[in-house]
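Note sheet for the following structure.
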Amino acid sequence: MNGKNSFERLERLPAKLLHGGDYNPEQWLDRPDILKQDIDYMKAAHINVVTLGVFSWSVYEPEEGEYYFEWLDAIMDRLYENGIYVILATPSGARPAWLDEKYPEVMRVNEYGLRNTHGIRHNHCMSSPIYRRKVTEMNEKLALRYGRHPALILWHVSNELGGSCYCELCRERFRQFLEERYHTVERLNQEWWTTFWSHRFGNFTQIDPPSPRGESSIHGLNLDWKRFTTWNMTDYMKSEIEVLRRITPDIPVTTNFMRLYKGLDYHRMAPELDIVSWDSYPAWGKQGETLWDTFAQTAFEHSVMRSMKPDRPYLLMESTPSIVNWHQTNKLKRPGIHRLSSLQAIACGADSVLYFQWRKARGSFEQHHGAVIDHLGTNDTRVYREVSQLGEELMKLDQLCGSTAHNDVAVLYDWENRWAIEDMAGLSDRKRYDETVQEIYRVLLRHGIDSDLVSEETEFGRYKVVIAPMLYLLKPQTASFMKKFTEAGGVLLATYMSGYVNENTLCYLGGFPGDGLREVFGLYSEEIDSLYADETNGAVFKDGGDNACEIRDFCEIVKVQDAEIMAVYTQDFYAGEPVLTRKVWGEGQAWYLAARMDEAGMSSVLRRVCEAGGLEWERLPTGLEVHYRYKEGVRYTIALNTAREKIIYKKRLIEALDAVVWEEEISDADVKGNR
Ligand code: GLA
Ligand code: ZN
């Protein structure tokens, strides 16, 4: 291999925080005055990078095999001369009309078997050999032409990959995927439990993707289709990356993820990338939410992204400097919110604040989406001023670049588990896996603890406390990671609905949680009760103190074998039965929470668990959010005040809506997590 490794490729990124965003000069090629003005305004706003070419295919190649790159040559040169770097996208996010006209197989087929007609974007058949070939040809051209351009720092593969296709090519690849997974149809029949309702298959050719007019009742099938969609998308993404790595082995690669997008298991895609990046569009100032709520939700999303590659920063690839055009009500960011939300991204571990978009398009679907430069065309706007002030501030924070979080706590947040819980038929319609994980994250955040959000396939050795809420789908490997972690002194908390099914959704026999976890927690769950929306239960903690909590939705009745009972139910026929237990296992502890508690209850439980892990538990002033980044013996604390009043924290005054960053020298032993 002539290639550099992933860490070496990252050296291509300048050692500063990136500030910039999507730039579409191809929409303004007949307006050189505007293109000139763009550069002047960018420089004045301290923009140091732009993303080019995300949707440029029909300009690069207006007819098959006819290429026009001269315009891009000129723009890349000019940007570089003016100190602005380029993230260059591969243009596969939207297809030129000639491609669909000539090769209809590249257009997606929906779940009813109907092929799309030409239009919109992000709607290709990921299996189509023709599509892959055409994209490869284009990527080859771009890599050869711009691979050595000094402005180029990063490849941006396609755009917001997503969705799935049900064409014959995809169906066939799905069957091959199943064959590789199960080898024989008999094995598949067992794992999918197809004797139920007479669903046994005689061979792989009889299997189709789940469909609203066909099969949708086999959980194993539904889950494997989602796995396949991720596998096929990753395979497609790899085909794009391969050509870039071959020609430009020293340029790092990313693709932009979409929040907590359910359709793809990002944990399986991230390993193919050099750096994770994502697009963040919260509704700042949403009715019925405090600003802290919106911030905490966004911090959760940032943390999911950061945790995919915890040893390096990630990038905020898109955010809006003002409004989007697709929320139901597109409220302006109030003065100061742009700065605070952007510094939150940095606080959570991003090395960039990038926008969609630099300049508003004059026409078509996103003409009313916010941008740094509006249709007004001048820099004399509130948005521009806030952007340029932020740019100036980011320059002063360049020392944070490359620093990373070292969190002591991991919370499991796993796509396959999300899918399995969502598809599970039973209990109640308030399963709320995402909300439950988010609630835990929020309670920790309120108490000064940032946490990583990790998949089931993470080794937990770097953490002191691991929280595994609602781990319904338990993989054998995860059970063994949990045992190892606890044996070595870690503190583990699992909850109701843990270890019910294996990775193919077959129930564990012999008591939940299955796969040997029963002995770790010293109990098994005999029954689970689902409560109506307005029903509650309560808990009494045996060590006294904070009992004011409500239990809702789910109550497991557990049979304790050799665990200590820490709290019991207060009501119903299981009043007095255990709701919170703890067992010493090896050097560590395994805690089990049998019911869904409200925020007060979760605070009580998490405080006990975190303190057992030797962590500090401190209720932060209302509205405050705190994150840490570490680099070379220095700890950076970033404190964000989302409240309308000033806050005093660690003897520092933080004004309303202000963010404060400070640094302290620390010894290695002081690095949280001891890494
Ligand atoms: C996404 C896309 C962009 C743009 C923005 C609008 O993030 O990647 O091309 O459509 O949304 O918010
Ligand atoms: Zn297809």
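Each residue of the sequence shown is one higher than the one before, starting from 1462 at the first, in my numbering.
Beta carbons are placed, not taken as given, at the ideal position from N, Cα and C, and that holds for glycine.
Per DSSP, the continuous alpha helix (DSSP H) segment holding Gly2062 begins and ends at 2060–2073.
Secondary structure note for His1480: its beta strand (DSSP E) is the uninterrupted segment 1479–1483.
For Arg1576, the shortest separation between its Cβ and any heavy atom of the ligand ZN does not lie below 7 Å. Three or more Cβ pairs closer than 8 Å define a contact, and the region 1836–1854 falls short of that threshold against the region 1882–1900.
Take the alpha-carbon of Tyr1564 and the one of Glu1633: they are about 19 Å apart. Nearest neighbour of Leu1478 by Cα position, chosen from Glu1601, Asp1859, Gly1624, turns out to be Asp1859. DSSP places Thr1715 in the strand class (E or B) of the three-state scheme. Between the C-alpha atoms of Asn1693 and Met1587 there is a straight-line separation of about 7 Å. Scanning its chain for C-beta atoms nearer than 8 Å, with the 5 sequence neighbours on each side dropped, one finds around Gly2006 the residues Ser2065, in chain order. For Pro1937, there is no enclosing beta strand (DSSP E); the residue is found in the alpha helix (DSSP H) stretching over 1937–1948. Contact between Arg2068 and Leu1861 fails: their C-beta atoms lie close to 30 Å from each other, not under 8 Å. Here the distance from the Cβ of Leu1630 to the nearest heavy atom of the ligand ZN is below 7 Å. In this structure, Ser1941 has its CB at a distance of at least 7 Å from all heavy atoms of the ligand ZN. In this structure, Tyr1742 places its C-beta atom within 8 Å of the C-beta atom of Thr1781. Collapsing the DSSP output to three states places Ile2018 in a strand. Residue state for Lys1892 is assigned as coil, using DSSP reduced to three classes. Residue ranges of uninterrupted beta strand (DSSP E) with 3 or more members, entirely inside the region 1790–1822 and ordered along the chain, are 1813–1816. At the C-beta level, Val1618 and Val1704 stay beyond 8 Å of one another. Taking a C-beta distance under 8 Å as the contact criterion, Glu2017 and Ile1989 qualify as a contact pair. Spanning the alpha carbons of Tyr1541 and Gly1681 requires a straight line of approximately 52 Å.
Taking 8 Å as the upper bound for CB-CB distance, Lys1465 and Asp1711 are in contact here, some 5 Å apart. Two segments are said to touch when three or more pairs of C-beta atoms, one from each, lie closer than 8 Å; by this definition the region 1469–1485 does not touch the region 1784–1792. Counting other Cβ atoms within 10 Å of its Cβ, Thr2083 stays below 16 and is therefore classed as exposed.
Annotated as proximal: Gly1623 and Leu1725, with beta-carbon spacing under 8 Å. The three-state secondary structure of Gln1748, taken from DSSP, is coil.
Within the region 1542–1576, the runs of alpha helix (DSSP H) that reach at least 4 residues and sit entirely inside it are, in chain order, 1558–1563. When DSSP states are grouped into helix, strand and coil, Gln2032 belongs to the coil group. Between Ser1677 and Trp1658, the beta carbon gap of about 12 Å keeps them out of contact (Cβ cut-off 8 Å). Here the C-alpha atom of Leu1970 lies approximately 32 Å from the C-alpha atom of Ala2073. In the DSSP assignment, Asp1913 is bridged to Ala1871. A contact is defined here as three or more CB-CB pairs under 8 Å, and the region 1634–1645 fails this definition with respect to the region 1566–1580. In this structure, Ser1589 has its CB closer than 7 Å to one or more heavy atoms of the ligand ZN.
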